[in-house]
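*Asks:* Would you mind keeping the following structure in view while I ask a few things?
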């Protein structure tokens with residue numbers, strides 16, 4: 002099976018923090034040209050700072066720009082099942098390839114509650130649903146046994162693991178081996194190749210916003226059976242990740258790196274990163290080191 006790379010696409014903003022849809026379309030074209038699929042309204046896309054209507058229009062714009070050239074996944078997850086359902090139905094109408102559902106945040110959930118939440122959404126749409134686990138941000142973790150239960154649902158097609166722990170990723174991969182049609186996508190950028198070698202269907206990467214061709218290179222080399230080249234590209238990707246993420250909150254640093262490459266993407270709506278000349282100089286130096294600026 003051909004492995005797939007998705008980029009967790011940034012959402013571009015104007016100076017007044019309204020969405021810049023034309024700039025976002027340009028980022029979609031950039032990723033498509035590199036050979037990467039798209040995930041929109043995810044963590045790197047400032048989803049928690051977008052309104053309901055913005056998420057719907059953003060998805061419409063991305064799907065229109067992609068024009069069936071690559072796959073599109075969109076995140077519908079919200080703290081309440083009610084709003085998650087509303088978004089999922091809209092994305093179902095728009096015609097995305099898959100709907101990701103991040104675990105509810107702010108609300109502490111039991112595993113039974115997570116099963117009910119995800120099952121309710123998957124029951125309501127025709128589009129395949131992917132679980133999205135990122136416990137460091139939501140404080141809710143999908144236990145492997147819970148994933149095993151949900152894998153038996155006819156419309157839950159897999160999981161995106163952004164926990165960062167190889168042990169958890171291994172446990173999800175075991176679930177996939179036991180359940181035909183259930184796929185695992187790795188989120189941590191330093192585990193892309195390891196995940197592919199151990200049975201993952203692919204990866205969903207935020208870092209690919211700033212380094213799209215290297216991400217595509219890892220997947221391309223792996224799919225071609227050239228592990229030496231895949232390892233070389235992964236080493237570059239991992240080193241870039243280490244250098245960039247040392248400076249601050251990962252999604253904010255990716256957005257800032259991309260901003261220094263192309264100011265049309267705008268700043269982030271999140272309060273995590275304010276413009277800082279000294280930090281920008283460090284980011285620019287890292288970009289130059291990897292021939293990205």
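Numbering (this note's numbering), first residue to last: 2 to 294. Each residue gets a CB set at the ideal place from its N, CA and C atoms; glycine is no exception.
1. For residue 136 and residue 79, I'd like the C-alpha separation in whole angstroms.
2. The alpha helix (DSSP H) spanning residue 255 covers which residue range?
3. Roughly how many angstroms separate the alpha carbons of residue 101 and residue 132, rounded to a whole number?
4. With three or more beta-carbon pairs closer than 8 Å as the criterion, would you say the segment 221-229 touches the segment 246-259?
5. Considering residue 38, what are the terminal residues of the alpha helix (DSSP H) in which it resides?
6. Taking residue 71 as part of the beta strand (DSSP E), name the residues at either end of that continuous run.
7. Run through DSSP, which three-state label would residue 14 get?
8. Could you tell me the distance, in whole angstroms, from the CA atom of residue 121 to the CA atom of residue 281?
9. Would you report the Cα separation of residue 191 and residue 123, rounded to the nearest angstrom?
10. Just to confirm before moving on: does the CB-CB distance between residue 284 and residue 257 stay below 8 Å?
11. Taking the alpha carbon of residue 161 as the point to measure from, which residue in 68, 207, 70, 268 has its own alpha carbon closest?
12. Flag this pair as yes or no: are the beta carbons of residue 64 and residue 71 separated by less than 8 Å?
13. What does the Cβ neighbour count give for residue 84, buried or exposed, with the cut at 16 atoms within 10 Å?
14. Determine the extent of the alpha helix (DSSP H) in which residue 167 is found, giving its start and end residues.
15. Pull up the distance between the alpha-carbon of residue 266 and that of residue 260, whole angstroms please.
16. Where residue 180 and residue 2 are concerned, what is the direct C-alpha to C-alpha distance, given to the nearest angstrom?
17. With contact counted as at least three CB pairs below 8 Å, one residue from each stretch, are the segment 40-55 and the segment 225-244 in contact?
18. Using only CA atoms, which one of 163, 169, 106 lies nearest to residue 139?
19. Among the residues of its own chain, which have a CB less than 6 Å from the CB of residue 201, if the five just before and after it don't count?
20. Roughly how many angstroms lie between the CA atoms of residue 174 and residue 199, to the nearest whole one?
21. So with Cβ pairs under 8 Å, would you call residue 5 a contact of chain C?
22. Taking the C-alpha atoms as reference points, what is the distance between residue 196 and residue 157?
23. Taking the alpha carbon of residue 148 as the point to measure from, which residue in 125, 117, 128 has its own alpha carbon closest?
*Replies:* According to the structure shown:
1. Sequence index remark: in the chain shown, residue 136 carries index 135 (1-based). Sequence index remark: in the chain shown, residue 79 carries index 78 (1-based). Taking the straight line from one Cα to the other gives about 14 Å.
2. For this step, residue 255 is matched to residue 254 along the chain shown. Counting along the chain, the alpha helix (DSSP H) containing residue 255 begins and ends at 251-262.
3. Residue numbering aside, residue 101 sits at position 100 when the chain shown is read from its first letter. Residue numbering aside, residue 132 sits at position 131 when the chain shown is read from its first letter. Going from the Cα of residue 101 to the Cα of residue 132 covers about 6 Å.
4. Short answer: they don't touch.
5. Your numbering for residue 38 matches position 37 in the chain shown. That residue, residue 38, is in no alpha helix (DSSP H); its beta strand (DSSP E) goes 38-41.
6. Against the chain shown, residue 71 aligns to sequence position 70. First-last for residue 71: undefined, no H or E at that position.
7. Within the chain shown, numbered from 1, the residue matching residue 14 stands at position 13. Collapsing the DSSP output to three states places residue 14 in a strand.
8. By 1-based counting over the chain shown, the position of residue 121 is 120. By 1-based counting over the chain shown, the position of residue 281 is 280. Answer to the nearest angstrom: the Cα atoms are 44 Å apart.
9. Translated into the one-based positions of the chain shown, residue 191 becomes position 190. Translated into the one-based positions of the chain shown, residue 123 becomes position 122. Pairing residue 191 with residue 123, the inter-Cα distance amounts to about 30 Å.
10. By one-based count along the chain shown, residue 284 stands at place 283. By one-based count along the chain shown, residue 257 stands at place 256. Result yes, Cβ atoms of residue 284 and residue 257 sit closer than 8 Å.
11. Here residue 161 refers to the residue found at position 160 of the chain shown. Residue 161 has its Cα closest to that of 207, out of 68, 207, 70, 268.
12. Mapped onto the chain shown, residue 64 falls at position 63. Mapped onto the chain shown, residue 71 falls at position 70. Not a contact, by the Cβ cut-off of 8 Å.
13. Counting from one through the chain shown, the residue named residue 84 turns up at place 83. Result: exposed.
14. For this step, residue 167 is matched to residue 166 along the chain shown. Where residue 167 is concerned, the enclosing alpha helix (DSSP H) stretches over 167-179.
15. By one-based count along the chain shown, residue 266 stands at place 265. By one-based count along the chain shown, residue 260 stands at place 259. Distance between residue 266 and residue 260, taken at the CA atoms: about 6 Å.
16. Within the chain shown, the letter at position 179 stands for residue 180. Within the chain shown, the letter at position 1 stands for residue 2. Those two C-alpha atoms are separated by around 16 Å.
17. no
18. Taking the chain shown and counting its residues from 1, one reaches residue 139 at position 138. Minimum Cα distance to residue 139 is reached at 106.
19. Within the chain shown, residue 201 is the residue found at index 200, counting from 1. 185, 187.
20. Position 173 of the chain shown, counting from 1, holds the residue named residue 174. Position 198 of the chain shown, counting from 1, holds the residue named residue 199. About 8 Å.
21. Among the chains of the structure shown, chain C does not appear; only one protein chain is present.
22. In the chain shown, the residue the question calls residue 196 occupies position 195. In the chain shown, the residue the question calls residue 157 occupies position 156. Roughly 20 Å between the two C-alpha positions.
23. Here residue 148 is taken as the residue at index 147 of the chain shown, counted from 1. Cα-wise, what sits closest to residue 148 is 117.
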